[in-house]
Amino acid sequence: MTRPNPPRLANWLLSLFCHPEQVEEVQGDLQERFQRRASRSDVRRAKIRYTLEVLGFARFLFKQRRRPSQNQTPIFSFDMLTTYLRISWRNLLKAKGYALINITGLMVAMTASALIFLWIQSELQFDRGYRKVDRIYQVYNRDVFNDEKTVWPTTPSPLAHELEASYPDIEMATRYAPLTLLLSVGDLNSNVKGALADPDFVHIFDIDLLLGSKNQLLADAGHIIISRRLATNLFGTENAVGKTIQIDHKDNFLVSTVMENLPESSQFQDIDYLIPSDYMFKPGSASADWTSNNLSTFVLLRQGAQQAEVNQKIRKVTARHLKGTLDNVANREIFLHSAHKWHLYSKIEKGEVVGGGIVAVRLFAAVAIFILVTACVNFVNLSTARGEMSAKEVGVRKVAGAAKGSLVLRFISEAVLLALIAGLLAVVVIWAVIPAFNELVGRHLQLDFTSSGFWASGLVFVLLTGLLAGSYPAFVLSSFQPAKVLKGPYRFGTAATPARKGLVVLQFAFAIVLIISTLVIRNQIDHAERRNIGFNKEHLLYAALPGKLEMHYPLLRDQLIASGAVVSATRSLGPTVSLNTRQWGVQFPGSVETDKNVEFDLFGADREFIATTGVTLVEGREIDISKYPTDSTAIMLNETAAKAMRLKTDQGQMLWSSLD
Amino acid sequence: MKRNYLGEFEELVLLTVTILHPGAYGAAIADEMQAQTGRSVSISAVHAALQRLEEKGMLRSAFGEATQERGGRRKRLFTVTTLGGQALESIRDMRSKLWESIFSKGLLVQGI
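Spelled out as structure tokens, the structure:
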């Protein structure tokens, strides 16, 4: 007589409910009861009872079995780990070529991604190192022109004082405008970058004052604060307090204070002196009224003040003052832009301050991870391809009773060891190339060997790389069947082959993408350097005319030509690539009302502009007041401007501009 | 004396294991408990109790022989440990002490 069998579905459920170790005893007990019932009454009812009893075991689902086990070897032990490392080291020495390729691959990738991460770190810290960074803001302007919302970071000169005086939420405010001036001490002349600022600048950014007066900063018109660096450069000593510096050969400034060099990872890093804002923005002058937006305003909020609330309060400050002067101030407003966002989140798009540098930071983070992953994939391929070497070892270890877990640990520890060696080499390489890298990115990155954070992050980096590179091979290698690998020549895993092929494809794809991107960028830079920009930039030099030099320009020019070094020279508003004046409201023959909205960049130049810069003349002649006195009101248009004005013949037309 | 708490059902299981020694395994325990107490005992509850008692260290277990009606599966045979024995005894002592005090006061005679 064949015995009836319990329902299979119930057995399957039981295997879900119980721990695998427990299934045997439980199923035995249930089967025993089932057989007894089946022989006593009918099989169908026995089956139902069996199923019900199985369902009772659902309670085991939520209970981990914790029967104290007798003979289990621990997967992790310090002794085994040292053994594994020793054997890994021997394997390394045995296959030197393989080790070399593997370690070099990892090392190059680690160097590249570590450099990128260093750069990212410096980007993230840039302009955020101020002690009161959480409360520092720059005031931005917003308005709508031609139905287009526009945001710009410069503000009127009187704004800082008004904000500080009338809004208790604003603890301090300063004007700020960087500029380059000619500084002279005795015979020493030097163009140096500095800034116009107000006394609060020093307090907002917590600038260290080393020597001299610490009160009454920038309060006196003739006072200058110089950096330690500039003091040494100009006077050969840091102690320059009380000495005199002449600016632009006309104004004498007294060094009131020597300050520490401004922080390297900030927008002020190359500012070497501060002079009172009023020097350029004289109260009462046009540049110091509410219509000119020509400097930055930084504010320090009172502790606890909320940016959004302050924004609401100060929104219309400039609009109030411009009412009556400008046609329409309905949309003119100002708002605060947090110092946290200055460096990476200051891109202006469609009238909003959006991302910016952060995009590049994210992009490079992705590139760094790509590079590292590629190296790890390379590592995986190399170590699985060498699987036959490890097969015997795995077989013997398994026969001797090694658990899969301990074999996984064995191979991961080997990968981590390789990653550690690669990491140490990478540190050396980074240390060697970092000066060149700094040159490339224009930063002062450095490895801080004394900081524990550096070593900790390095260790985490190495461990992550080791785990990433080592885990797949570890699981593949440790799953070899001892019976198969010990019997004879073992054909390495058909199962692992597709995965390996996939990884090779992935690795090649990464590499190709990176190489193509590099080539594209190089071509782009090449193109930017070589494309025709409308003037001849070879042997073209620009120098500012400081002080009284401008008055003696004809003499200067004659002497330059006479010296033989200069072929031709012209006087201009600035270098041809920097157009700083923009005009709207221009009227011309046939212009309509909407043409007033077209903005034209203005540039001023003297005779020989064409000969000096190599600009091609399409039609007409160049401006030359010495030959044609009426040229004082002459204008030269470029092709784009002529097109914008819809002019057929470019000469002899009258233009009229709404402003002087 | 610090003692693990022992539920009523657990106490019954522990006693039954002692009775059936050395042949105490899940199905047999369930059958015996049903026979002794007359109440229906679910096999999964017995297994759960056995597992708890083993975790508490009052039982230990080992695989026994396989039989045909079990489909060739082995039994897990349970034995009461010293701790389990002590636990049972202390429960009995405590109960007898309580009963003695009831008798000494003649409470039963008064019909409580």
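Sequence lines, in order, name chains A and B. Counting along the first sequence from 1, when you hit position 327 you're at 333 in the working numbering, and nothing is skipped either side. Counting along the second sequence from 1, when you hit position 99 you're at 101 in the working numbering, and nothing is skipped either side. For each residue, glycine too, the CB sits at the ideal point set by N, CA and C. Remember, predicted model here, so these are calculated numbers, not experimental data.
Q: For Ile-45/B, decide whether its Cβ has a neighbour in chain A, counting only Cβ atoms nearer than 8 angstroms.
A: yes
Q | Residues that Phe-84/A bridges to, as DSSP identifies them | A | Answer by DSSP bridge pairing: none, since Phe-84/A is not bridged.
Q. Where does Glu-102/B land, buried or exposed, given buried means 16+ other C-beta within 10 angstroms?
A. exposed
**Q.** In chain order, each beta strand (DSSP E) run of at least 3 residues that lies wholly inside the region 155 to 220 of chain A
**A.** 176 to 191, 194 to 203 and 215 to 218
Q: Please name the residue in Gln-36/B, Arg-72/B, Ser-63/B and Ser-92/B whose C-alpha comes closest to that of Val-82/B.
A: Ser-63/B
**Q.** Beta carbon of Ala-505/A nearer than 8 angstroms to that of Gly-472/A
**A.** no
(Q) I'd like the list of long-range same chain contacts for Leu-22/B, defined as Cβ closer than 7 angstroms, with 5 residues on each side in sequence excluded. (A) Ala-30, Ile-31 and Glu-34
Q. How is the alpha helix (DSSP H) around Gln-2/A delimited, first residue to last?
A. Shown here, chain A extends from 7 to 666; a query on residue 2/A therefore has no answer.
(Q) Can you check whether the C-beta of Glu-71/B is within less than 8 angstroms of a C-beta belonging to chain A? (A) yes
(Q) If you reduce the DSSP assignment to three classes, tell me which class Leu-342/A lands in. (A) DSSP, read as helix, strand or coil, puts Leu-342/A in strand.
Q. Tell me, which residues are paired with Ile-230/A by DSSP?
A. Val-261/A
Q.
Any beta carbon of chain A sitting closer than 8 angstroms to that of Glu-10/B?
A. no
**Q.** Same chain, Cβ closer than 7 angstroms to Leu-75/B, five either side skipped, listed in chain order
**A.** In the sequence on display, residue 75/B carries Arg and not Leu. Counting only Cβ-Cβ distances below 7 angstroms, and skipping sequence neighbours, we find Ala-68.
Q. Would you call Asp-48/A buried or exposed, if buried means 16 or more other Cβ atoms sit within 10 Å of its Cβ?
A. exposed
**Q.** Run of the alpha helix (DSSP H) containing Thr-464/A, from where it starts to where it stops
**A.** Note on residue identity: the sequence assigns Gly, not Thr, to residue 464/A. That run of the alpha helix (DSSP H) goes 458 to 483.
(Q) Quick check on Pro-162/A: buried or exposed, where buried means 16 or more other Cβ atoms within 10 Å of its Cβ? (A) Burial is judged here by how many other beta carbons sit within 10 angstroms of a residue's own beta carbon; Pro-162/A has at least 16 and is buried.
Q | Beta-carbon spacing of Gly-34/A, Gly-9/B below 8 angstroms | A | no
(Q) Please report the straight-line C-alpha distance between Ala-571/A and Thr-618/A, rounded to a whole angstrom. (A) Distance between the alpha carbons of Ala-571/A and Thr-618/A: 13 angstroms.
Q. When you compare each of Ala-311/A, Leu-306/A and Arg-338/A to Thr-297/A by their alpha carbons, which one comes out closest?
A. Arg-338/A is the residue among Ala-311/A, Leu-306/A and Arg-338/A whose C-alpha sits nearest the C-alpha of Thr-297/A.
Q: Take every Cβ of the region 403 to 423 of chain A, pair it with every Cβ of the region 519 to 527 of chain A, and state whether three or more of those distances are shorter than 8 angstroms.
A: no
Q. Between the region 214 to 226 of chain A and the region 184 to 200 of chain A, are three or more C-beta pairs nearer than 8 angstroms?
A. no
Q. Going by C-alpha distance, which of Val-434/A, Ala-462/A, Ser-412/A and Gln-487/A is nearest Ala-480/A?
A. Ser-412/A
Q | chain B residues whose Cβ lies nearer than 7 angstroms to that of Arg-368/A | A | By Cβ distance, chain B contributes nothing, its closest Cβ being about 51 angstroms from Arg-368/A, past 7 angstroms.
Q) Which residues, in order along the region 475 to 492 of chain A, keep a beta-carbon less than 7 angstroms from a beta-carbon of chain B? A) Within the region 475 to 492 of chain A, no residue qualifies.
Q: Quick one: using the 10 Å Cβ neighbour count with 16 as the cut-off for buried, is Gly-111/A buried or exposed?
A: Result: buried.
(Q) Would Arg-76/B pass as an interface residue toward chain C - the criterion being a Cβ-Cβ separation below 8 angstroms? (A) In summary, chain C is missing from the structure at hand, where the protein chains are A and B.
Q) Contact check, Leu-202/A vs Ile-251/A under 8 angstroms by CB: the rounded distance? A) Leu-202/A to Ile-251/A, Cβ: 15 angstroms. No contact.
**Q.** One or two residues paired with Pro-282/A in a DSSP bridge
**A.** Ala-203/A
Q. Going along the chain, which unbroken runs of the beta strand (DSSP E) with 3 or more residues stay wholly within the region 318 to 394 of chain A?
A. DSSP runs (the beta strand (DSSP E)) wholly in the region 318 to 394 of chain A: 339 to 344, 353 to 355 and 358 to 360.
Q. So, is Asp-95/B buried or exposed, given that buried needs 16 or more other C-beta atoms within 10 angstroms?
A. exposed
Q: Please decide whether Leu-20/A counts as near chain B, where near means a Cβ-Cβ distance under 8 angstroms.
A: no
(Q) Less than 8 angstroms between CB atoms is the rule here; does Tyr-27/B satisfy it with respect to chain A? (A) yes
Q: Report, in whole angstroms, the separation of the C-beta atoms of Arg-234/A and Val-264/A, which I expect to be a contact under 8 angstroms.
A: 6 angstroms
Q.
Nearest by alpha-carbon distance to Leu-451/A: which of Arg-392/A, Val-365/A, Leu-91/A and Phe-123/A is it?
A. Phe-123/A
Q: Express the C-alpha separation of Thr-18/B and Asn-11/A in angstroms, rounding to a whole number.
A: 29 angstroms
Q: Below 6 angstroms CB to CB, which residues in the same chain sit around Asn-77/A once its five sequence neighbours on both sides are set aside?
A: Because the pLDDT of Asn-77/A is 48, which lies under 50, any placement of that residue in the model is unreliable, and the question is left without a value.
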